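Each remark here refers to the structure printed beneath this line.
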Amino acid sequence: MPQDFLIIGGGVVGMAVAYGLARRGRSVTVLDGHDDSLRASRGNAGLVWVQGKGLAMPRYAELSLHSSMAWPEFAEELTKRTGIDLEYEHCGGVDLCFDAKEAQARQTEYRALYAATPSLTAVRWEYLDREALREQLPGLGERVHGGTFSPHDGQCNPLYLLRALYAACLTLGVDYHPATPVTGIEASTTGFTAHSPQGSFSAERVILAAGLGARTLAPPLGLSGQVHPVRGQVLVTERFPPSGRLPTPQLRQTASGGYLIGDVLEDAGYDTGVTLETIHRLGQRAVQIYPELAQARLVRSWGALRVMTPDGSPLYEASRSCPGAYNLSCHSGITLAAFHARELAEAIDTDRLATIHGDFSGARFDVQATG
Ligand SMILES: Cc1cc2nc3c(=O)[nH]c(=O)nc-3n(C[C@H](O)[C@H](O)[C@H](O)COP(=O)(O)OP(=O)(O)OC[C@H]3O[C@@H](n4cnc5c(N)ncnc54)[C@H](O)[C@@H]3O)c2cc1C
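Numbering (the UniProt record's numbering), first residue to last: 1 to 371.
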C-alpha cells in the first residue's frame with residue numbers, strides 16, 4: 001500500500017507537518033538529507049515571535065499571532081506525548097531600539113500595521129523607554145534608547161522542539177529516513193515517486209519541506225520554490241544564573257543560562273561560516289545592551305542560512321500542473337510550528353491549501369502554476 005504522504009525534508013517545517021498529518025491518522029514517510037546538509041532548524045535563535053512580522057503582508061502577521069497563541073497548548077501536547085520539555089516561555093519580549101530615529105520609525109510601522117488592520121487590532125504592544133524597560137531587562141545599558149514590548153512574544157529551545165517533533169512522529173508511526181537525499185520526484189496518475197541513492201519511495205501526495213532544497217526540487221513539479229539563503233551568525237556565552245530578563249531578537253538568556261546573541265542578516269551565498277568582523281560587532285552590541293557581558297566568555301559561535309522568500313513571508317503552494325504536490329518554505333518555522341502542525345496540516349490533508357492560504361502561493365511572485 002502506498003503511503004498517503006511523502007515529505008521531503010525533516011527540518012522543523014517538515015516534521016511539524018508530518019506530526020500534524022500523522023495526528024490526523026495519515027500514513028507519512030519523511031525523507032531527510034545528511035547531517036551536514038543545510039539545516040536552519042538546527043542553527044536558529046528559538047524565538048516564538050510576533051512583533052514586526054508581516055509588516056508588508058498583514059496575513060503573515062495574523063498567522064504569527066495565531067501560532068503564538070496556539071504555542072502553549074502545542075508545547076504542552078508535545079511534552080505530554082514525549083516527555084521532552086521544550087523550555088517554552090510565553091513571557092513577552094522586547095525588540096530594542098538604539099536611537100530616537102529607530103524608535104520613531106518602529107512605532108510608525110507598528111501603528112500602520114496593527115491599528116489599521118482590523119484582524120490585528122487585538123495585537124498588544126507598547127513602546128517603553130530605557131528607564132521603563134529596566135524592570136523587564138535589569139542592568140540595561142545606557143546606549144539603549146528603548147524598545148517595543150509585546151506580551152505575544154516568547155522563546156523556546158529549538159533543538160528540543162525538533163527532538164520532540166521527531167519523537168512524537170515516531171510514536172505516531174511516521175516512517176523517517178535520515179541520510180536519504182532525494183535526487184528527483186516523478187509524478188504519475190497514482191501519485192509520486194521520490195528517488196534517492198537509498199531507493200525509491202512512493203505516496204499519493206508529496207510535500208516539499210526541503211528548506212533551500214526547494215530551489216531544485218520544486219520547479220519540475222510546477223512549484224516555484226523561490227527561496228534564497230540569508231546568513232545569520234550566532235554567539236553563545238558561558239552560563240550565568242537566571243536573570244529573568246525578557247528575550248529580545250538581539251540577545252536572550254537561554255534556560256541553561258548562556259546568552260544567545262545574534263541578529264544579523266547577511267548575503268553570503270551558501271557560506272555557513274562565521275566571520276571575526278561580525279562576531280566583533282555582535283559582541284559590541286551585546287555589551288551595549290548589558291554592559292556586564294563585557295566580562296563574559298564566548299563558548300560557541302555558528303553561522304546558519306535562513307530560508308528566505310523574495311518578500312520574507314511564507315510560501316505555501318499547491319501545484320496546479322501536478323495536483324497533490326505542495327511546497328512549504330518559510331523563515332520563521334519556530335514561531336509558525338504550532339500553526340504548521342494544526343491548520344496547515346489540515347489544509348493540506350483536506351486539499352484546501354490553495355483555497356484557505358492562497359495569499360501565500362507562488363502566484364504573488366508571478367508564478368501562475370501554483371495556487
Ligand atoms: C540564524 C537564524 C536564526 C533564526 N531564528 C529564528 C527564530 O528565532 N524564530 C523563528 O521562528 N525562526 C527562526 N529562524 C528561521 C527558522 O530556523 C527556519 O524558518 C526553519 O528552521 C526552516 O525550517 P525548514 O524545515 O524549512 O528548513 P531546514 O531546517 O533547512 O530543513 C530542511 C531539511 O530538508 C532536508 N533536505 C534538503 N534537500 C533535501 C533533499 N533533496 N532530499 C531530502 N531532504 C532534503 C535537509 O536535510 C534539512 O533537514 C532562524 C534561522 C536562522 C538561520
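Beta carbons are placed, not taken as given, at the ideal position from N, Cα and C, and that holds for glycine.
None of the values given here were measured: they were computed from a predicted structure.
- Following the DSSP letters along the chain, one finds GLU317 inside the beta strand (DSSP E) bounded by residues 315-318.
- Ligand 1 has a heavy atom closer than 7 angstroms to the beta-carbon of HIS331.
- Between LEU113 and LEU55, the CB-CB gap stays under 8 angstroms.
- Between the region 285-304 and the region 17-37, the count of Cβ pairs shorter than 8 angstroms is below three; the stretches do not touch.
- Ligand 1 has a heavy atom closer than 7 angstroms to the beta-carbon of TRP49.
- Three or more pairs of CB atoms, one per stretch, sit closer than 8 angstroms, so the region 321-329 contacts the region 212-226.
- Residues ILE7, VAL28, VAL30, CYS169 and VAL174 of the same chain have their beta carbon placed closer than 7 angstroms to that of ALA18, with the five preceding and five following residues left out of the count.
- For THR278, the Cβ stays outside the 7 angstroms cut-off from all heavy atoms of ligand 1.
- When only Cα atoms are considered, TYR166 and VAL12 end up about 9 angstroms apart.
- Residue burial annotation: HIS357 is buried, with at least 16 other C-beta atoms found within 10 angstroms of its C-beta.
- Checking the 7 angstroms criterion, the Cβ of ARG281 is out of range of every heavy atom belonging to ligand 1.
- As a beta-bridge residue in DSSP terms, GLY93 pairs with SER150.
- Look at GLY33: its beta carbon is less than 7 angstroms from one of the heavy atoms in ligand 1.
- In this structure PHE360 touches SER313 by the C-beta definition: roughly 7 angstroms separates them, less than 8 angstroms.
- Taking non-hydrogen atoms of ligand 1 into account, the C-beta of VAL236 is found less than 7 angstroms away from none of them.
- Assignment of PHE98 by DSSP, reduced to helix, strand and coil, places it in the coil class.
- The shortest C-alpha to C-alpha distance from ARG59 to any of ALA337, ARG352 and LEU315 is the one to LEU315.
- In this structure, THR148 places its C-beta atom within 8 angstroms of the C-beta atom of TRP125.
- Burial is judged here by how many other beta carbons sit within 10 angstroms of a residue's own beta carbon; SER200 has fewer than 16 and is exposed.
- In this structure, GLN136 lies away from ARG252, with their beta-carbon atoms at least 8 angstroms apart.
- Taking 8 angstroms as the cut-off, the beta carbon of PRO241 is found no closer than this to the beta carbon of ASP153.
- Under the rule that a run must span 4 or more residues, the alpha helix (DSSP H) segments found entirely inside the region 109-151 read 130-133.
- In the three-state reduction of the DSSP assignment, GLY33 falls in the coil class, being assigned neither a helical nor a strand state.
- Within 7 angstroms of the C-beta of VAL182 there is at least one heavy atom belonging to ligand 1.
- Across the set GLN288, GLN104, ARG231 and GLU277, the C-alpha of ARG231 shows the shortest separation from the C-alpha of LEU265.
- Runs of the alpha helix (DSSP H) spanning 4 or more residues and lying entirely within the region 176-261 occur at 214-217, in chain order.
- When beta bridges are read from the DSSP output, ALA325 appears opposite VAL206.
- Distances between the C-beta of ILE356 and the heavy atoms of ligand 1 are all 7 angstroms or more.
- By the Cβ-count criterion, GLU73 is exposed, with fewer than 16 other Cβ atoms from all chains shown falling within 10 Å of its own Cβ.
- Judged by the Cβ position, ILE185 fails to qualify as a neighbour of ligand 1 at the 7 angstroms threshold, every heavy atom of the ligand being at least this far.
- Pairing ARG42 with LEU159 gives a Cβ-Cβ distance under 8 angstroms.
- Burial check for TYR259: the Cβ neighbour count within 10 Å reaches 16 or more, so the residue is buried.
- The beta carbon of CYS322 is closer than 7 angstroms to those of ALA187, LEU221 and GLY222 in its chain, skipping five residues each way along the sequence.
- Burial is judged here by how many other beta carbons sit within 10 angstroms of a residue's own beta carbon; LEU344 has at least 16 and is buried.
- Relative to the non-hydrogen atoms of ligand 1, the Cβ of ILE334 comes within a distance shorter than 7 angstroms of at least one.
- Taking a 10 Å sphere around the C-beta of GLU76, we find fewer than 16 other C-beta atoms and assign the residue as exposed.
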